[in-house]
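First the structure, in the form of structure tokens, and then the observations on it.
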Amino acid sequence: MLGLDRNAARYTWTAALVLLTLFAVYKIRQVLFLLIVAVLLSYLLYPVVTMLVRWLPGRSRKPALAIVFLLVMALLGLAVAEIGSVAAEQASSLAQRAPEFLKNLKQQPTPSLPAAAQTLKQQALDQIANAVRQHYDEAVGYLPHLLMGVLAASSNLIYLVVVPILSFFLLKDSVLIRAQLMRAVPTEHKHEVDEFMRDVHQLLLQYVRSLFFLGLATFTVFAIVLSLFGVSYGLLLAVIAFPLEFIPMVGPLIAAALILTVAAVSGYPHLLWIVLFLGLYRMFQDYVVAPRLMSEGVEVPPLLVILGVFAGERLGGVPGMFLSVPVIALMRIIYLRLVPR
Numbered sequence: 019m020l021g022l023d024r025n026a027a028r029y030t031w032t033a034a035l036v037l038l039t040l041f042a043v044y045k046i047r048q049v050l051f052l053l054i055v056a057v058l059l060s061y062l063l064y065p066v067v068t069m070l071v072r073w074l075p076g077r078s079r080k081p082a083l084a085i086v087f088l089l090v091m092a093l094l095g096l097a098v099a100e101i102g103s104v105a106a107e108q109a110s111s112l113a114q115r116a117p118e119f120l121k122n123l124k125q126q127p128t129p130s131l132p133a134a135a136q137t138l139k140q141q142a143l144d145q146i147a148n149a150v151r152q153h154y155d156e157a158v159g160y161l162p163h164l165l166m167g168v169l170a171a172s173s174n175l176i177y178l179v180v181v182p183i184l185s186f187f188l189l190k191d192s193v194l195i196r197a198q199l200m201r202a203v204p205t206e207h208k209h210e211v212d213e214f215m216r217d218v219h220q221l222l223l224q225y226v227r228s229l230f231f232l233g234l235a236t237f238t239v240f241a242i243v244l245s246l247f248g249v250s251y252g253l254l255l256a257v258i259a260f261p262l263e264f265i266p267m268v269g270p271l272i273a274a275a276l277i278l279t280v281a282a283v284s285g286y287p288h289l290l291w292i293v294l295f296l297g298l299y300r301m302f303q304d305y306v307v308a309p310r311l312m313s314e315g316v317e318v319p320p321l322l323v324i325l326g327v328f329a330g331e332r333l334g335g336v337p338g339m340f341l342s343v344p345v346i347a348l349m350r351i352i353y354l355r356l357v358p359r
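Heads up: the sequence shown begins at 19 in the working numbering, then just goes up one per residue.
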């Protein structure tokens, strides 16, 4: 009557809804990332909760959840008290002595290098020292504003409380959530969706377990070996390497570069031993430990990992890099389900 095409109006309305949904997802991307982290934490705790449910009388899920979360909070508190305090002291000492380390490194000659290489070394050290000195002076001048910065950042500390709470409710209501999702699926597709959800469940279980144990192994080995080697700030470097292990490809490289840099500026004389250790450990981690922890459902070709890491960084920064491997593995599951074998 008004000259409007119903099909065109329907398509326009659909496109508007899609754009509005994408805009809403973009605006709440931080909340969605928190939810994803809570899901991963719940998958990390899921095997322990399931084991306790089988052991406890009555097989009640709520007491098992309470016990697990109390144990987790106790272990985190113990780790912060015993390890975090030492790492914080080492970080403070490293920040205060960085100009001194660079000055000493600059004054140490390297007879084995030719004159041109010595000149390049001195120029590089001059640039590093100037940069450190500049940022060091800025940090000292910023100390009066430290309290305001802590107060401003304290709003983010609520995430440390929100994520475990979300994980608690996800574990408590996981059966109900799955039942509600399956109820919304048409009857003729229930079998395919059920198998897909089982594959995703197994994928997340294996991935989170593997990621945690790889990070824990890296922290333990680095703390022990760097201490035996006599590397300064070994515990601090091991603590930093633990979360960097969660970022595929790039994280371990950053950790290795950081360890070598700190060892060099602190005057450690046997850098070749550290390089050899880091290379052997990475080969053992990537070709022996990781394949045993991850089954075929989690394994992703190295080329896809590299492309996924760079794409994730462009799309979401560090969170995008962190989620790149599980997203690629999930896409692989979808592809195998949709494409007939």
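Note that beta-carbon positions come from the ideal geometry of N, C-alpha and C, so glycine has one too.
Minimum C-alpha distance to Ser111 - residue among Gly297, Val280 and Leu333: Val280
For Ile242, is the classification buried or exposed, using 16 other Cβ atoms within 10 angstroms of its Cβ as the cut-off for buried? exposed
Output the distance between the C-alpha atoms of Pro344 and Val323, rounded to the nearest integer angstrom. 10 Å
Classify Gln224: buried if its beta carbon has 16 or more other beta carbons within 10 angstroms, exposed otherwise. buried
What did DSSP end up calling His288 once you bin it into helix, strand or coil? coil
Does Glu331 come out as helix, strand or coil in the three-state DSSP assignment? helix
Neighbour-count burial assignment, Glu213, 16 or more Cβ in a 10 Å radius: exposed
Straight-line Cα distance separating Arg332 from Leu221: 25 Å
Helix, strand or coil for Ala282 per DSSP? helix
C-alpha distance - Leu356 paired with Val211, whole-angstrom precision: 11 Å
Any contact of the stretch 41-58 with the stretch 179-194, i.e. 3+ C-beta pairs under 8 Å? yes
Would you mind reading off the limits of the alpha helix (DSSP H) that contains Tyr64? Arg47 to Trp73
Please state the DSSP three-state secondary structure of Lys80. helix
Would you call the stretch 69-82 in contact with the stretch 40-56, where contact means no fewer than 3 C-beta pairs closer than 8 Å? no
Are there 16 or more other CB atoms within 10 angstroms of the CB of Leu236, so buried, or fewer, so exposed? Per the sequence shown, residue 236 should be read as Thr rather than Leu. With 16 or more other Cβ atoms within 10 Å, it is buried.
Are the stretch 193-211 and the stretch 34-45 touching, with three or more C-beta to C-beta distances below 8 Å? no
Tell me the residue span of the alpha helix (DSSP H) that contains Met200. Ser192 to Arg201
When you compare only the Cα positions, how much space is there between Val66 and Val86? 7 Å
Measuring CB atoms only, is the stretch 225-234 touching the stretch 249-257, in the sense that at least three cross pairs come out at less than 8 Å? no
Enclosing alpha helix (DSSP H) for Gln220 [first to last residue]: Lys208 to Phe247
Ile277 and Leu296 look like a contact to me (Cβ under 8 Å); what is the Cβ gap, rounded to whole Å? 7 Å
Would you kindly work out how many angstroms separate the C-alpha atoms of Pro75 and Gly95, rounded to a whole number? 29 Å
Measure the C-alpha to C-alpha separation of Val239 and Leu290 and round it to an integer number of angstroms. 18 Å
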